[in-house]
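The structure appears right after this line, and notes come after that.
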Amino acid sequence: MIDCEEAMRQLWDYLDDELTEQKMAAIREHLAVCQQCYPQFDFERAFLGAIASARCNQRASGALRMRIRAMLREVGSAEA
Amino acid sequence: MSDSGIPDGTSDERFTQEALAWVDDVYRFACSMTRDEADADDIVQETYLRAYRSWHTFQPGSDCRRWLFTICRNVFLRVRERERRKMDVATDAEFEALAALHTATRARQGGYEDLFARLDLGPAIEQAIAALPVVFRMAVVLVDVEGQSYEEAAAIQGVPIGTIRSRLFRGRRLLQEALLMHACDAGFATAAEVRARSDRSGGTLMSANLHTQTGAKRHSNSHSALDP
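So the sequence lines, in the order shown, correspond to chains A and B. Numbering (our numbering) for the first sequence: 30 to 109. Numbering (our numbering) for the second sequence: 682 to 909.
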């Protein structure tokens, strides 16, 4: 069983699913029984969810698309 | 593909179908680096020029979006080289993870446990990300916003995974600090905390309720409460 410090040290790796299955399981087990660490997990999970949902809807403008297409045509015909 | 390596007609069609399809993503990534739409336009155009010229090196079936992000990042760094100062970005990921613990504890004790469930936090998050130093911003955008793995983000940035991890964790901690400050300024403390403060002033310590949203990156609501 891992202790709180080890669990918290790897909490972000756990939330990012970047640990081995063994380590993932160890942290999952710790969180299931540790009342101190679970709120931390919950808070960080909400934080990452908020960041992910902040993905803006910026889109390339029509002018930029036209610029790229014109450039590609020009380069394509010059280098062909 | 012609012998010269320049895309021929068929290859042009593939380029249009596969590479141009990602122009919004590349533009968004460029904006996150430049924080300026006109600069982002120039970088995206240069990215597509380079991509077009090296289309013959692209492995069919591999991740075109990641390939374009890598080119875009290189274009950005080259453009920025003139003004770039070498930043000391040596960070300790373990330290950052534990430091974030204090930030989160402070946030919860201050009545901000529901902070990240607020629907009106979006603009503040965008501003906080834009205010991050560029190396931390790129790590956060690639992993947390664009959903790349540590390995993929490291490949795009051309750095070891450990470096990405350190930058990511530092970026996240800076974001949490900035958002907590924003919450304090905006008076986001919960009713539970207001009650707790009131009780504390009367000598009783009351724990705040913990309600946070679920659904972080790569996390499905169908998972159990302990799944990441």
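We put the beta carbon where it would ideally sit given N, CA and C, even for glycine.
For this session: To the nearest angstrom, report how far apart N755 of chain B and I837 of chain B are at their CA atoms.
Result: 9 Å
Exercise. How many Å lie between E762 of chain B and A711 of chain B at the Cα?
Worked result: 16 Å
For this session: Would you kindly work out how many angstroms separate the C-alpha atoms of R102 of chain A and Y729 of chain B, rounded to a whole number?
Result: 12 Å
For this session: For R851 of chain B, go through chain A and note every residue whose CB falls closer than 9 Å to its CB, in chain order.
Result: Going along chain A, no residue has its Cβ under 9 Å from R851 of chain B, so there is no contact; the nearest lies around 11 Å.
Problem set entry | Cβ separation of R83 of chain A and E794 of chain B, assumed to be a contact under 8 Å, to the nearest whole Å | The sequence shown places Ala at residue 83 of chain A, rather than the Arg named in the question. About 19 Å separates the two Cβ atoms, so there is no contact after all.
Exercise. So the alpha helix (DSSP H) Y78 of chain A belongs to, where does it begin and stop?
Worked result: Here residue 78 of chain A turns out to be Gly, not Tyr, going by the sequence shown. Element bounds for G78 of chain A: C66 to S82.
Exercise. Looking at the structure shown, is G803 of chain B part of a helix, part of a strand, or coil, going by DSSP?
Worked result: helix
Exercise. Per DSSP, what kind of secondary structure is V840 of chain B in: helix, strand or coil?
Worked result: coil
Exercise. By how many angstroms is the C-alpha of R57 of chain A removed from the C-alpha of M887 of chain B?
Worked result: Caution applies to M887 of chain B, whose pLDDT of 28 falls short of 50 and renders its modelled position unreliable; the value that the coordinates give is listed next. Going from the Cα of M887 of chain B to the Cα of R57 of chain A covers about 28 Å.
Exercise. Considering only residues of the same chain and omitting the five flanking positions on each side of F70 of chain A, which have a CB-CB separation below 6 Å?
Worked result: L60
For this session: Please report the residue range of the alpha helix (DSSP H) in which C745 of chain B lies.
Result: C745 to R761
For this session: Specify, as a first and last residue, the run of the alpha helix (DSSP H) that C63 of chain A falls within.
Result: Counting along the chain, C63 of chain A falls outside any alpha helix (DSSP H), and DSSP gives it neither H nor E.
Exercise. Counting pairs of beta carbons, one from the region 843-851 of chain B and one from the region 730-746 of chain B, are three or more of them closer than 8 Å?
Worked result: no
Exercise. Secondary structure at I31 of chain A, three-state DSSP: helix, strand or coil?
Worked result: coil
Problem set entry | Local conformation of A785 of chain B per DSSP, three classes | helix
Exercise. What is the DSSP secondary structure of E797 of chain B, counted as helix, strand or coil?
Worked result: In the sequence under discussion, the amino acid at residue 797 of chain B is Phe, which differs from the Glu named in the question. Three-state result, F797 of chain B: helix.
Exercise. Name the chain A residues that come within less than 9 Å of Q726 of chain B, Cβ to Cβ?
Worked result: L93, R96, I97 and M100
Exercise. Nearest CA to the CA of Q51 of chain A: which residue from A:R98, A:R96 and A:M30?
Worked result: A:M30
Exercise. In whole angstroms, what separates the C-alpha of L758 of chain B from that of F696 of chain B?
Worked result: 24 Å
For this session: Can you give me the start and stop residues for the alpha helix (DSSP H) that T681 of chain B sits inside?
Result: Residue numbering for chain B in the displayed model covers 682 to 909; residue 681 of chain B lies beyond these limits and cannot be assessed.
Exercise. Do we get a CB-CB distance below 8 Å when we pair A778 of chain B with the residues of chain A?
Worked result: yes
For this session: Could you give the DSSP three-state label for D706 of chain B: helix, strand or coil?
Result: helix
Problem set entry | Identity of the residue in B:I724, B:R851, B:L796 and B:D825 nearest E777 of chain B by Cα | B:R851
Problem set entry | Nearest candidate by alpha-carbon position, reference A92 of chain A, set B:P741, B:I752, B:C753 and B:A721 | B:A721
For this session: Would you tell me roughly how many angstroms separate the C-alpha atoms of V104 of chain A and E699 of chain B, rounded to the nearest one?
Result: 18 Å
For this session: Under 8 Å Cβ to Cβ from Q39 of chain A, same chain only, skipping five residues before and after it: list those, please.
Result: L48, K52 and I56
Problem set entry | Same chain, Cβ closer than 8 Å to D744 of chain B, five either side skipped, listed in chain order | E833
Exercise. Exposed or buried, D717 of chain B, counting other C-beta atoms within 10 Å across all chains shown (16 or more means buried)?
Worked result: exposed
Exercise. Based on Cα-Cα distance, which residue from B:G868, B:I724, B:R746 and B:A785 lies nearest to L855 of chain B?
Worked result: B:A785
For this session: Would you kindly report the start and end of the unbroken alpha helix (DSSP H) that includes F817 of chain B?
Result: V815 to V821
Exercise. Just the Cα atoms here: how many angstroms apart are C753 of chain B and I97 of chain A?
Worked result: 14 Å
Exercise. Does the distance from the C-beta atom of A798 of chain B to that of A81 of chain A stay below 8 Å?
Worked result: no
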